[in-house]
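Since the structure comes first, as structure tokens, the remarks are kept for the end.
Residue numbers (our numbering): 2 to 159.
Quick look at the structure:
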């Protein structure tokens with residue numbers, strides 16, 4: 002009889018522990034899911050920053066590597082010009098494919114993050130912000146035009 006009472010008490014204690022574990026588990030799962038989501042967002046931001054650096058490096062390469070082959074094309078004797086012309090064209094295509102690939106990977110990564118977060122309203126931002134670059138170039142052009150107008154106005158007065 003004591004064994005059955007003891008077993009009943011054990012069962013009661015186990016039921017109490019199970020109800021506590023059931024109540025605690027969703028909280029820990031929510032906490033774990035939140036931590037995992039935060040890690041995923043941090044990972045995406047890190048990859049996005051790395052892709053921005055890769056694009057900047059790719060743009061520098063698209064300026065200098067083909068320029069190097071173009072200079073060699075002009076310097077070398079006639080027999081080797083075709084080789085450097087082919088290298089110039091191939092380097093342009095290779096760098097363009099690299100830049101397109103980096104942008105595509107970044108786009109897909111942001112799309113997946115939006116899918117995971119469940120928000121369709123978020124737009125996927127490009128790796129390189131062209132609006133800032135265009136605005137900067139427009140300001141430079143306006144400054145140069147203003148200086149040209151001022152210098153031509155001073156020349157006309159004299």
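Cβ coordinates follow ideal geometry from the N, Cα and C atoms, glycine included.
Since we're looking at a predicted model, the values are computed, not measured.
Taking 8 Å as the cut-off, decide whether the C-beta atoms of residue i and residue j are in contact.
i: residue 103; j: residue 55; result: yes
i: residue 60; j: residue 74; result: no
i: residue 146; j: residue 41; result: no
Using the three-state DSSP reduction, which class does residue i fall into: helix, strand or coil?
i: residue 67; result: helix
i: residue 42; result: helix
i: residue 72; result: helix
i: residue 119; result: coil
i: residue 98; result: helix
i: residue 77; result: coil
i: residue 25; result: Because the pLDDT at residue 25 is just 48, under 50, the model does not fix this residue reliably, and the point stays unresolved.
Go through its chain and collect everything with a Cβ distance to residue i's Cβ below 8 Å, but skip five positions before and after it.
i: residue 92; result: 66, 67 and 70
i: residue 82; result: 74
i: residue 45; result: 110, 111 and 114
To which residues of the same chain is residue i closer than 7 Å at the C-beta, ignoring the five residues directly before and after it?
i: residue 152; result: none
Enumerate in chain order the residues of its own chain whose CB-to-CB distance from residue i is below 6 Å, with the five nearest sequence positions on each side excluded.
i: residue 76; result: none
i: residue 1; result: For the chain, the structure presents residues 2 to 159; residue 1 sits outside this window and is missing.
Please confirm if residue i has its CB atom under 8 Å from at least one CB of chain C.
i: residue 96; result: Note that chain C does not occur in the displayed structure, where there is just one protein chain.
Original post:
Taking contact to mean at least 3 C-beta pairs separated by less than 8 Å, is the region 46-61 in contact with the region 104-115?
Top reply: Touching, per the Cβ criterion.
Original post:
Are three or more beta carbon pairs between the region 90-97 and the region 61-70 nearer than 8 Å?
Top reply: By the Cβ criterion, the region 90-97 is in contact with the region 61-70, since at least three pairs of Cβ atoms, one from each stretch, lie closer than 8 Å.
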